[in-house]
Amino acid sequence: MTDTPKSSGERHIERVMDGLDPSSERFQVLQSAKRFKSSWVELGDRLLAVGSRNLYREWGYGSFEEYCTREIRIKKETAQKLTLAYRFIEKHEPEILARREEPRPLPDYRSIDLLRQAREEKGFSDEEYADLRKSIVEQERSHPTVLKQFREVAKTREEPVRDPAVPLRAALAAARRLGTALDGVAELPGGYRELVGELIAHLEGELETSEVRVE
């Protein structure tokens, strides 16, 4: 049986590792990157250290993003999700870290990031969060399944699209009431009635256009 061919990213990482001291922190981060698919927790932990201590500068890179894309060969977004997911489980799900040495696979880092978003950004209720957590941590459902569940709940948390005609109708009604009230005023500076009339005509036109768009 032949070995699975290595990707260009793996070959690049190995070339960099060849010139490093195996005991160095830089070597260890690269080693974690090679094991990324099976142990993203380890890489997330190490990348947090690289970013927080600016180690990438010592290694010749101008930014954390440049280091990730050129040496580790992962995108900025992936590195961000990895570090955020690791920080989240370290704080809220330490039992996942306790499982890192077990043969049982860990939850997908993308699913953990969704769990983080549910708690920190999307305003999931306690029950909704518990259901999502159960799918990820206990039932170990696939990321596509978790993503679908997340989106269904997140959609209900989104602010409904406001009908642009609503404020126009309110403004038009107020302008018409003003116009009617001004009719009873005997002495009014010149031009005011005309201005109100123009305002009413303008609002009527905007309302008609808005309703056409909605249809």
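Take 864 as the starting number for the sequence shown in this note's numbering and just add one per residue. Positions of the beta carbon are idealized from the N, C-alpha and C atoms, including for glycine.
Item, Value
"Output the boundary residues of the alpha helix (DSSP H) element that contains residue 1080.", "This structure leaves residue 1080 out entirely; the chain is present only between 864 and 1078."
"Within 10 Å of its beta-carbon, does residue 913 have 16 or more other beta-carbons around it, so buried, or fewer, so exposed?", "buried"
"Which stretch, first to last residue, makes up the alpha helix (DSSP H) that contains residue 989?", "989-996"
"For residue 904, collect the residues of the same chain with a Cβ closer than 7 Å to its Cβ; drop the 5 residues on either side in sequence, then sort them by chain order.", "949, 960, 963 and 969"
"Determine the DSSP secondary structure at residue 1004, reduced to helix, strand or coil.", "coil"
"For residue 1020 and residue 985, which I take to be in contact (beta-carbon distance under 8 Å), what is that distance rounded to the nearest angstrom?", "5 Å"
"Thinking C-beta only, is residue 1000 closer than 9 Å to residue 956?", "yes"
"Which residue comes first and which comes last in the alpha helix (DSSP H) that contains residue 919?", "918-921"
"Whole angstroms is fine: what's the gap from residue 1039's alpha carbon to residue 1063's?", "7 Å"
"By the 10 Å Cβ neighbour count, where 16 or more other Cβ atoms means buried, how is residue 1051 classified, buried or exposed?", "exposed"
"Compute the Euclidean distance between the alpha carbons of residue 838 and residue 939, then round it to the nearest angstrom.", "For residue 838 there is no data in the structure shown, the boundaries of the chain being 864 and 1078."
"What separation, rounded to the nearest whole angstrom, lies between the Cα atoms of residue 922 and residue 885?", "15 Å"
"By the 10 Å Cβ neighbour count, where 16 or more other Cβ atoms means buried, how is residue 1072 classified, buried or exposed?", "exposed"
"State the CB to CB distance for the pair residue 896 and residue 935, rounded to an integer number of angstroms; the pair is presumed to be in contact (CB under 8 Å).", "5 Å"
"Cα separation between residue 975 and residue 942?", "14 Å"
"Can you tell me the Cα-Cα spacing of residue 926 and residue 910, whole angstroms?", "13 Å"
"For residue 889, collect the residues of the same chain with a Cβ closer than 7 Å to its Cβ; drop the 5 residues on either side in sequence, then sort them by chain order.", "883 and 922"
"According to the Cβ coordinates, are residue 981 and residue 992 closer than 9 Å?", "yes"
"Using a 10 Å radius around the Cβ and a threshold of 16 neighbouring Cβ atoms, would you call residue 1053 buried or exposed?", "exposed"
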